[in-house]
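Visitor:
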Amino acid sequence: MTERAKGIIDEFGPLQGIRILVTGQALAGPGAARWMGDMGAEVIKIERPGQGDLSRLGRRHGPYQVVPKWISMGRSSMSIEVELDFKKYPEAETFFIDLVKQCDIWINSVPGIDKKGPTDELALAANPKLVIVQVTGFGLKQNGGLDEYLTRPTFDVIAQAFSGACAMQGMPDGPILPANPMIADNITAMTTAFAALSGYINAQKTGKGQVVDVAMYEALANSFNYYWCTCLNNQGPAFQRTGPINELYQPFGLYECKDKNVMAVAIVGIPLWTKLLAMFGVDIKSYPYNETCCQQDPELAKEFAAIWQNWLAEHSAQEAEEALVQAGVPAVRVLDFNTAEQHPHWVSRNDFVYIDDQTSGEKYKDLAPVPRFTNTPGKVWRGGPLLGQDTDVVLKQILGYSDEKISDLKNKGFIAASNITK
1 MTERAKGIID EFGPLQGIRI LVTGQALAGP GAARWMGDMG AEVIKIERPG QGDLSRLGRR
61 HGPYQVVPKW ISMGRSSMSI EVELDFKKYP EAETFFIDLV KQCDIWINSV PGIDKKGPTD
121 ELALAANPKL VIVQVTGFGL KQNGGLDEYL TRPTFDVIAQ AFSGACAMQG MPDGPILPAN
181 PMIADNITAM TTAFAALSGY INAQKTGKGQ VVDVAMYEAL ANSFNYYWCT CLNNQGPAFQ
241 RTGPINELYQ PFGLYECKDK NVMAVAIVGI PLWTKLLAMF GVDIKSYPYN ETCCQQDPEL
301 AKEFAAIWQN WLAEHSAQEA EEALVQAGVP AVRVLDFNTA EQHPHWVSRN DFVYIDDQTS
361 GEKYKDLAPV PRFTNTPGKV WRGGPLLGQD TDVVLKQILG YSDEKISDLK NKGFIAASNI
421 TK
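Residues in the sequence shown are numbered from 1 upward in steps of one, following this note's numbering.
(1) I'd like the list of long-range same chain contacts for residue 39, defined as Cβ closer than 6 angstroms, with 5 residues on each side in sequence excluded.
(2) Do the segment 282-302 and the segment 352-365 make contact, defined as three or more Cβ pairs closer than 8 angstroms?
(3) To which residues does DSSP link residue 44 through a beta bridge?
(4) Taking C-beta to C-beta, are residue 213 and residue 160 nearer than 7 angstroms?
(5) Taking 7 angstroms as the limit between beta carbons, can you name the residues of its chain near residue 287, skipping five residues before and five after?
(6) Within the same chain, show all residues whose beta-carbon is closer than 6 angstroms to that of residue 25, passing over the 5 residues directly before and after it, in chain order.
(7) Return the chain-ordered ranges of every beta strand (DSSP E) run that is complete within the segment 140-188 and spans a minimum of 3 residues.
(8) Pop quiz: residue 335 and residue 102 are said to be a contact at Cβ under 8 angstroms. What is the actual Cβ separation, rounded to whole angstroms?
(9) Based on DSSP bridge pairs, tell me the residues matched to residue 367.
(10) If we ignore side chains and look at the alpha-carbon of each, how far apart do residue 6 and residue 203 end up?
(11) Does the segment 82-91 come within contact of the segment 168-176, defined as at least 3 CB pairs closer than 8 angstroms?
(12) Kindly list the residues whose CB is nearer than 8 angstroms to the CB of residue 221, restricted to its own chain and excluding five residues on each side of it in sequence; keep chain order.
(13) Could you give the first and the last residue of the continuous alpha helix (DSSP H) run that contains residue 259?
(14) Taking residue 32 as the reference, which of 243, 190, 404 has the closest Cα?
(15) Measure how close the beta-carbons of residue 74 and residue 384 come, nearest whole angstrom, since I'm counting them as under 8 angstroms.
(16) Any idea if residue 45 is buried or exposed, counting beta-carbon neighbours within 10 angstroms, 16 or more meaning buried?
(17) Give the range of the beta strand (DSSP E) segment to which residue 106 is assigned.
Given below as structure tokens:
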């Protein structure tokens with residue numbers, strides 16, 4: 001049995017001691033490791049020599065040509081440069097086996113990686129407790145699906161379109177729209193983290209790892225929860241584009257006020273409906289909940305909608321928010337990035353942190369890790385690494401390779417270290 005190597009990063013957070021191997025790029029798969037890295041998991045990301053993650057590309061800033069996107073997306077992780085092509089580099093197979101023996105979880109989102117050698121079977125033979133999460137757009141063949149879809153490359157908007165999400169975005173008389181920012185990628189990343197940790201917990205109990213199939217379109221579709229059950233059982237029409245308002249309840253959505261600023265309001269349930277009517281001085285008998293708030297009586301619902309819109313037209317967003325909150329109704333003005341950054345509630349909760357950029361040595365502002373743990377808080381221990389920044393340290397400390405062996409493997413071409421930090 002392979003001896004477990006001591007971790008490289010400092011121990012912190014609820015996931016300390018868990019080691020994750022990541023092969024993939026962009027957000028859907030690696031994004032899960034970002035979440036877990038902030039919670040203390042040791043994340044080792046394999047990147048292709050001289051190329052690296054797609055997220056390293058993008059708008060560059062300042063004399064150091066910093067990419068803020070990568071600072072955030074690659075944070076709390078390590079980078080090693082390795083070409084995992086067993087046919088071209090036979091030594092890569094031994095390296096891969098050595099590495100998966102030291103890991104608890106392998107997250108992969110590289111399409112067809114198995115064709116170059118790194119297969120699920122090989123990884124599980126080397127480490128029977130390994131949890132492998134395969135992230136694809138349309139799923140793995142063993143769980144069904146059409147070949148013409150299973151082999152398609154996928155990014156966020158593709159999954160949004162196929163999941164049904166796009167069909168619900170936009171105005172009723174306007175074009176179909178994608179939802180920003182990258183909801184398919186982000187929900188897939190969260191689903192992947194959930195899958196990885198669920199598999200890990202089971203492996204600790206049973207001693208057996210397994211392969212987990214995460215399809216982007218399914219992850220996003222499942223986030224609709226009761227929408228599917230309602231439509232599939234003919235309990236109502238398919239959910240369509242309704243613009244800024246909810247088609248089931250009123251008021252529920254975004255509403256423009258007298259000063260043209262926008263406010264969010266959400267009324268669900270008789271208690272909240274009663275509070276809203278009391279604020280207007282209206283008795284619930286005149287506007288019953290099911291008939292009016294749930295819009296089961298179109299004429300009565302339309303009559304109340306006019307009362308609501310007239311009230312909004314007489315109040316600024318701030319006035320409306322204050323009145324609704326005073327009445328006990330959920331309401332808040334819409335913030336953008338600038339107003340959120342300066343908002344006293346955000347500031348008071350320390351929702352932003354400064355992280356160390358590995359390119360410039362400067363500090364960049366980013367969101368703080370969530371969720372917040374009382375006894376084992378997470379942290380961002382650094383920004384996205386330089387390409388290959390941790391190649392040598394991982395090979396030495398995790399795999400136990402000597403300087404001579406590392407030099408030999410680099411000479412053979414499948415391992416690189418563009419930016420070494422020993």
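Glycine included, each C-beta is placed from N, C-alpha and C at the ideal position.
Guide: This is what the structure holds:
(1) 13, 14, 15, 378
(2) no
(3) 21, 78
(4) no
(5) 277, 300, 304
(6) 53, 54
(7) none
(8) In fact, because the Cβ distance is near 44 angstroms, the residues do not count as touching under 8 angstroms.
(9) 352
(10) 20 angstroms
(11) no
(12) 163, 164, 165, 228
(13) Segment: none, residue 259 is in no alpha helix (DSSP H) and carries neither H nor E.
(14) 190
(15) 3 angstroms
(16) buried
(17) 105-108
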